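J.: Going down the list, the protein sequences come from chains A and B. The opening residue of the first sequence carries number 61 in my numbering; numbering runs sequentially from there. The opening residue of the second sequence carries number 61 in my numbering; numbering runs sequentially from there. All C-beta atoms, glycine included, are put in the ideal place defined by N, C-alpha and C. Computed from a predicted structure; not experimentally measured.
Number of protein chains: 2
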Amino acid sequence: MAESLDRFPAAQVGRQIGAVFRAWGMSEALIGASVEIMVETDLRGIDSHGIAMLPPYAQFRAEGKLNMTPDVRVVLDGPATAVLDGDSGLGHAASLQAVELAIGKARSLGLGAVAVRNSMHFGAAGAYALRIAQAGLVGLATTNASSRSLVPTRARDKLFGTNPLAFAAPAANNRPFVLDMATTTVAVGKVKLAWLNGKPMPSGWVVDENGAAETDGAKAFGQQQRFSERHGLTPLGGLADMASHKGYGLAAMVEILSAILPGASFIGLRGRKANPPMGNDIGHFFLAIDPKAFRTDDGFGTEMDAMIDQLHALPAADPALPVLVPGDPEEAARAERLRLGIPLPAILLEQLRELCRAANAEFVLEA
Amino acid sequence: MAESLDRFPAAQVGRQIGAVFRAWGMSEALIGASVEIMVETDLRGIDSHGIAMLPPYAQFRAEGKLNMTPDVRVVLDGPATAVLDGDSGLGHAASLQAVELAIGKARSLGLGAVAVRNSMHFGAAGAYALRIAQAGLVGLATTNASSRSLVPTRARDKLFGTNPLAFAAPAANNRPFVLDMATTTVAVGKVKLAWLNGKPMPSGWVVDENGAAETDGAKAFGQQQRFSERHGLTPLGGLADMASHKGYGLAAMVEILSAILPGASFIGLRGRKANPPMGNDIGHFFLAIDPKAFRTDDGFGTEMDAMIDQLHALPAADPALPVLVPGDPEEAARAERLRLGIPLPAILLEQLRELCRAANAEFVLEA
Chain A
61 MAESLDRFPA AQVGRQIGAV FRAWGMSEAL IGASVEIMVE TDLRGIDSHG IAMLPPYAQF
121 RAEGKLNMTP DVRVVLDGPA TAVLDGDSGL GHAASLQAVE LAIGKARSLG LGAVAVRNSM
181 HFGAAGAYAL RIAQAGLVGL ATTNASSRSL VPTRARDKLF GTNPLAFAAP AANNRPFVLD
241 MATTTVAVGK VKLAWLNGKP MPSGWVVDEN GAAETDGAKA FGQQQRFSER HGLTPLGGLA
301 DMASHKGYGL AAMVEILSAI LPGASFIGLR GRKANPPMGN DIGHFFLAID PKAFRTDDGF
361 GTEMDAMIDQ LHALPAADPA LPVLVPGDPE EAARAERLRL GIPLPAILLE QLRELCRAAN
421 AEFVLEA
Chain B
61 MAESLDRFPA AQVGRQIGAV FRAWGMSEAL IGASVEIMVE TDLRGIDSHG IAMLPPYAQF
121 RAEGKLNMTP DVRVVLDGPA TAVLDGDSGL GHAASLQAVE LAIGKARSLG LGAVAVRNSM
181 HFGAAGAYAL RIAQAGLVGL ATTNASSRSL VPTRARDKLF GTNPLAFAAP AANNRPFVLD
241 MATTTVAVGK VKLAWLNGKP MPSGWVVDEN GAAETDGAKA FGQQQRFSER HGLTPLGGLA
301 DMASHKGYGL AAMVEILSAI LPGASFIGLR GRKANPPMGN DIGHFFLAID PKAFRTDDGF
361 GTEMDAMIDQ LHALPAADPA LPVLVPGDPE EAARAERLRL GIPLPAILLE QLRELCRAAN
421 AEFVLEA
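Put into structure tokens, the structure is as follows:
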């Protein structure tokens with residue numbers, strides 16, 4: 061990527077997102093939560109899940125799938141658990157509410173799990189797990205997805221989405237440990253990049269309908285900027301002899317926790333409810349665990365530090381590539397972007413300009 | 061494996077395990093729990109974690125690391141959480157107790173998590189997750205390990221063990237979904253088999269100290285039947301361009317939940333406690349979730365069935381290899397072994413005969 065991108069301060073990116081949501085009729089309270097999560101995601105370098113989601117969100121809206129004035133409600137509330145109905149709104153605000161509920165339950169009982177049903181895209185799972193870690197707790201966040209991209213081991217056809225899982229835990233002196241991963245080998249965006257750059261993909265990112273590795277991004281992902289009927293992402297592991305059945309199993313686990321547990325739609329049953337909601341009815345799951353319920357000393361944070369420090373101190377196979385701890389790349393991106401701004405590709409800026417024109421929203425990202 | 065193995069009824073295998081534990085001085089209550097879990101593991105085809113563990117357990121005992129008369133105690137007991145001290149005994153009985161506690165808490169609060177510290181090997185993680193699913197709940201089970209086998213992405217040296225994770229969920233008509241996986245690409249036993257059979261391993265199971273794939277099992281795992289200083293298992297994913305950082309992150313997650321959370325020893329700090337216990341001080345973590353706390357209809361089981369049935373119905377890339385659901389291979393092994401008996405290799409039978417002689421225990425596995 062030799063291209064030099066225009067950069068924008070986080071606040072300016074946030075103003076742009078807010079202006080679009082306001083023009084779409086979203087209430088101010090929901091705008092605050094969505095902007096906060098999306099800008100934080102862009103700061104952390106997860107470019108596919110921040111402001112770059114506005115065009116797909118516009119598409120959901122055009123298709124009549126996105127409720128801009130959702131009535132997010134707690135529909136079940138137990139001592140350690142709760143379920144929210146997201147009313148077909150974007151998932152950010154409902155998920156932040158779910159996370160705060162889970163944190164409160166974990167503070168009082170040691171453990172809290174809150175799920176959201178009838179939701180839409182919530183951005184990056186890591187943002188929610190990190191929130192829980194910032195509250196001093198151990199956090200897990202999962203979501204299922206609205207489009208099929210993963211080919212289960214041995215299958216010809218796709219079934220699950222990229223079904224991400226995020227896990228975070230606080231340390232005493234280091235920043236929190238934050239694992240944020242799709243359960244596919246790579247995210248859709250990496251295949252798109254290989255196609256755009258005309259470079260072959262490593263064998264095992266994508267398979268064709270015969271279960272054989274496809275390395276040509278144009279074949280897998282050309283034309284309509286989506287997977288061909290014949291191609292899909294491998295589960296983490298890659299091909300069958302590299303234990304892709306484990307990544308497939310993890311994707312199913314995420315589907316169970318996020319969708320089947322709280323009564324959102326399992327992707328294979330989407331649209332088949334008696335009174336299907338207007339949106340994609342995806343689900344999210346959040347778990348918070350208080351270390352104080354498991355040990356009375358203050359060793360949790362210091363032993364997290366010992367683990368993180370030992371990992372950083374491991375000799376590297378290639379001295380130019382030091383050993384990283386999950387969350388390091390995101391933290392490095394955040395430090396750089398707070399200083400220099402968030403880089404946005406020209407193509408995205410053009411899409412956003414057009415989107416603002418259509419929505420009658422101010423375009424605030426002039427270079 | 062053209063070799064035809066002698067087979068033994070499950071009850072006979074259980075009598076043998078019990079005879080050895082009794083000769084080693086274990087109390088009857090603990091024998092019952094350990095035998096039950098180990099025989100069930102052999103029935104489910106996880107040959108590395110059942111009766112084949114007796115020789116390594118004998119080794120722990122010879123090294124003075126294994127307490128055969130542990131005083132397993134609940135040391136912390138909150139409404140939704142608890143911690144047990146395993147007192148350096150084998151982990152099976154303490155883990156079954158932890159699972160029962162977690163199930164009880166989940167039945168009353170919707171959610172229960174119980175961990176065990178100061179424990180030893182507990183067998184296969186899947187056995188405990190399955191117990192939770194058999195109680196009608198969603199279950200997660202993790203454990204850290206006593207020996208280093210996983211090379212974190214980019215590192216020269218091993219740090220974590222195979223750190224397995226198991227997840228199970230009940231269905232209405234199908235048997236439970238049971239994912240039971242090491243967070244390494246393959247388990248140590250698969251490398252041993254490649255070495256024994258003189259076959260090259262797929263590129264990406266094992267790396268050398270330069271982070272390069274090692275396909276020669278003899279180089280990675282010859283001589284002492286353990287990894288050379290220079291070799292180790294890759295995290296799930298395999299090599300760096302296949303996203304092994306995700307498997308490495310999952311292994312760290314398992315270490316955090318199993319060891320750091322309940323105050324067992326993080327593998328990098330083993331033996332460094334002020335009063336180190338006699339055993340390896342590994343830890344286990346069990347989570348139980350009651351679907352009834354998340355939805356008031358009875359849709360959980362029927363939608364699990366829909367997912368399992370849709371996965372089984374997916375067209376296969378190779379019609380000779382149908383799409384499996386996590387737990388299928390174990391269930392097939394169980395059905396076959398209940399009918400035909402548990403196959404035991406001649407080498408293992410010889411080791412067990414010798415072990416019985418040394419322990420003054422009856423050898424009951426004459427062919």
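Does DSSP classify Ile402(B) as helix, strand or coil?
T.: Against the second sequence, residue 402(B) aligns to sequence position 342. DSSP places Ile402(B) in strand when its eight states are reduced to three.
J.: Kindly indicate which residue of Leu210(B), Leu371(B) and Val159(B) has the alpha-carbon position closest to the one of Arg290(B).
T.: For the purposes of this step, residue 290(B) is taken as the residue at position 230 of the second sequence. Per the Cα distances, Leu210(B).
J.: With a threshold of 16 other CB atoms inside 10 Å of the CB of Ala62(B), please say whether the residue is buried or exposed.
T.: Taking the second sequence and counting its residues from 1, one reaches residue 62(B) at position 2. Note that Ala62(B) has pLDDT 47, beneath the 50 cutoff, so the model's placement of it is unreliable and the number below is only indicative. Classification for Ala62(B): exposed.
J.: Do Phe237(A) and Pro351(A) count as a contact pair if the criterion is CB distance below 7 Å?
T.: The count along the first sequence starts at 1 and reaches residue 351(A) at position 291. The count along the first sequence starts at 1 and reaches residue 237(A) at position 177. No, Cβ-Cβ distance for Pro351(A) and Phe237(A) is not below 7 Å.
J.: Please name the residues in the region 216-240 of chain A whose beta-carbon is closer than 8 Å to at least one beta-carbon of chain B, in chain order.
T.: For the region 216-240 of chain A, which is checked against every Cβ of chain B, the residues closer than 8 Å are Arg216, Asp217, Leu219, Phe227, Ala229, Phe237 and Leu239.
J.: Only counting the same chain, and skipping five residues up and downstream in sequence, which positions put a Cβ closer than 8 Å to that of Trp255(A)?
T.: Within the first sequence, numbered from 1, the residue matching residue 255(A) stands at position 195. Hits under 8 Å: Gly277, Ala278, Ala280, Phe281 and Gly282.
J.: What does Asp102(A) touch in chain B if you count any residue whose Cβ is under 9 Å from its own?
T.: Against the first sequence, residue 102(A) aligns to sequence position 42. Neighbours of Asp102(A) on chain B: none; closest Cβ ~21 Å, over 9 Å.
J.: List the whole-angstrom C-beta distance separating Ala319(A) from Ile342(A), where the pair is believed to meet the contact cut-off of C-beta under 8 Å.
T.: On the first sequence, residue 319(A) is found 259 positions in, with the first residue counted as 1. On the first sequence, residue 342(A) is found 282 positions in, with the first residue counted as 1. With a Cβ gap of about 7 Å, Ala319(A) and Ile342(A) count as contacting.
J.: Decide if Ile316(B) is buried, meaning its Cβ has at least 16 other Cβ atoms within 10 Å, or exposed.
T.: If you number the second sequence from 1, residue 316(B) lands on position 256. Under this definition Ile316(B) is a buried residue.
J.: Kindly give me the distance between the Cβ atoms of Ala215(B) and Leu374(A), rounded to whole angstroms, as I take these residues to be in contact under 8 Å.
T.: Taking the first residue of the second sequence as position 1, residue 215(B) is located at position 155. Taking the first residue of the first sequence as position 1, residue 374(A) is located at position 314. Between Leu374(A) and Ala215(B) the Cβ distance is about 4 Å, and since that is below 8 Å, they are a contact.
J.: Between Glu96(B), Ile77(B), Leu296(B) and Asp301(B), which lies nearest to Thr244(B) when the distance is taken from Cα to Cα?
T.: The count along the second sequence starts at 1 and reaches residue 244(B) at position 184. When only C-alpha atoms are compared, the closest one is Leu296(B).
J.: Which partner residues of Met241(B) appear in the DSSP bridge assignment?
T.: The sequence position of residue 241(B) within the second sequence is 181, counting from 1. DSSP output for Met241(B) lists Leu225(B) as bridge partner(s).
J.: At a Cβ cut of 8 Å, what residues of the region 135-147 of chain B count as close to chain A, listed as they run along the chain?
T.: Cβ contacts with chain A: Leu136, Gly138, Pro139, Ala140, Thr141 and Val143.
J.: Can you tell me whether Pro236(A) is helix, strand or coil according to DSSP?
T.: Numbered from its first residue, the first sequence carries residue 236(A) at position 176. The answer is coil: DSSP assigns Pro236(A) none of H, G, I, E or B.
J.: So with CB distances below 7 Å, who are the chain A contacts of Ala173(B)?
T.: As a first step, residue 173(B) is located in the second sequence; it is residue number 113 there, counting from the start. Neighbours of Ala173(B) on chain A, chain order: Leu171 and Ile349.
J.: Can the beta-carbon of Asp145(A) be found less than 7 Å from the beta-carbon of Arg104(A)?
T.: The residue you call residue 145(A) lines up with position 85 of the first sequence. The residue you call residue 104(A) lines up with position 44 of the first sequence. Taking 7 Å as the Cβ cut-off, Asp145(A) and Arg104(A) do not qualify as a contacting pair.
J.: Hey, out of Phe346(B), Leu371(B), Phe227(B) and Phe354(B), whose CA is closest to Ile163(B)'s CA?
T.: Start at 1 with the first residue of the second sequence, and residue 163(B) comes out as number 103. Checking every option, the nearest Cα to that of Ile163(B) belongs to Phe346(B).
J.: Return helix, strand or coil for Ala62(A), following the three-state DSSP convention.
T.: Taking the first sequence and counting its residues from 1, one reaches residue 62(A) at position 2. In this prediction, Ala62(A) scores a pLDDT of 47, lower than 50, which makes its location untrustworthy; no coordinate-derived value is stated.
J.: Within 10 angstroms of its Cβ, does Ala118(A) collect 16 or more other Cβ (buried), or is it exposed?
T.: Here residue 118(A) is taken as the residue at index 58 of the first sequence, counted from 1. When all chains shown are included, Ala118(A) counts as buried.
J.: Under three-state DSSP, which class holds Pro230(A)?
T.: The residue given as residue 230(A) occupies position 170 in the first sequence. Coil, per DSSP.
J.: Taking only beta-carbon positions, decide if Pro262(A) is within less than 7 Å of chain B.
T.: Within the first sequence, the letter at position 202 stands for residue 262(A). Chain B contact via Cβ: present.
J.: Taking Ala349(A) as part of the beta strand (DSSP E), name the residues at either end of that continuous run.
T.: On the first sequence, position 289 is the one that residue 349(A) refers to. Looking at the sequence shown, residue 349(A) is not Ala but Ile. Note, Ile349(A): beta strand (DSSP E), Ile342 to Ile349.
J.: Comparing the C-beta of Gln370(B) with each C-beta of chain A, is any distance below 7 Å?
T.: Locating residue 370(B) in the second sequence gives position 310, counting from the first residue. Yes, contact with chain A.
J.: Between Asp301(A) and chain B, is the shortest Cβ-Cβ distance under 7 Å, so that the two count as touching?
T.: If you number the first sequence from 1, residue 301(A) lands on position 241. So, interface residue.
J.: For the alpha helix (DSSP H) containing Arg177(A), name the first residue and the last one.
T.: In the first sequence, residue 177(A) corresponds to position 117, counting from 1. Here Arg177(A) belongs to no alpha helix (DSSP H); instead the beta strand (DSSP E) covers Leu171 to Ser179.
J.: Quick one: Cα of Thr213(B) to Cα of Ala228(B), how far?
T.: As a first step, residue 213(B) must be located in the second sequence, where it is residue number 153. As a first step, residue 228(B) must be located in the second sequence, where it is residue number 168. Using only the alpha carbons, I get a separation of about 28 Å.
J.: For Lys306(B), which residues in chain A fall below 7 Å Cβ to Cβ?
T.: For the purposes of this step, residue 306(B) is taken as the residue at position 246 of the second sequence. Within chain A, the residues near Lys306(B) are Met241 and Leu296.
J.: Taking only beta-carbon atoms, is Val383(B) less than 7 Å away from chain A?
T.: Position 323 of the second sequence, counted from the start, is the residue given in the question as residue 383(B). Val383(B) counts as touching chain A.
J.: If we define contact as Cβ-Cβ less than 7 Å, is Met61(A) a contact residue for chain B?
T.: Along the first sequence, read from residue 1 onward, the residue named residue 61(A) stands at position 1. With a pLDDT of only 45 at Met61(A), under the threshold of 50, the placement of this residue in the model should not be trusted; the figure read from the coordinates follows. Output row for Met61(A): interface = no.
J.: At the level of alpha carbons, what is the spacing between Ala83(B) and Asn420(B)?
T.: Looking up residue 83(B) in the second sequence gives position 23. Looking up residue 420(B) in the second sequence gives position 360. C-alpha separation (whole angstroms): 7 Å.
J.: So Gly170(B) and Ala140(A) are supposed to be a Cβ contact under 8 Å. How far apart are they, rounded?
T.: Counting from 1 along the second sequence, the entry for residue 170(B) is found at position 110. Counting from 1 along the first sequence, the entry for residue 140(A) is found at position 80. Confirmed, Cβ separation roughly 5 Å.
J.: Under 8 Å between beta-carbons, which chain B residues line up against Met113(A)? List them in chain order, please.
T.: In the first sequence, counting from the first residue as 1, residue 113(A) sits at position 53. Per Cβ cutoff of 8 Å: no residues; Met113(A) is ~22 Å from chain B at best.
J.: Measure the beta-carbon distance from Ser179(B) to Gly151(B) and round it to whole angstroms, keeping in mind my assumption that it falls under 8 Å.
T.: By 1-based counting over the second sequence, the position of residue 179(B) is 119. By 1-based counting over the second sequence, the position of residue 151(B) is 91. With 8 Å as the limit, Ser179(B) and Gly151(B) qualify as a contact, their Cβ atoms being about 4 Å apart.
J.: Give the straight-line distance between the Cα atoms of Pro48(A) and Val198(B), rounded to the nearest whole angstrom.
T.: Here chain A comprises residues numbered 61 to 427, so residue 48(A) is not present and cannot be evaluated.
J.: Suppose the cutoff is 6 Å on Cβ atoms and the five residues either side in sequence are ignored; what does the same chain contact list for Trp265(A) look like?
T.: The residue given as residue 265(A) occupies position 205 in the first sequence. Excluding positions up to five away in sequence, the list reads Thr245 and Val246.
J.: Check Arg133(B) in the structure and name its three-state DSSP category.
T.: Within the second sequence, residue 133(B) is the residue found at index 73, counting from 1. In this structure, Arg133(B) counts as strand in the three-state DSSP scheme.
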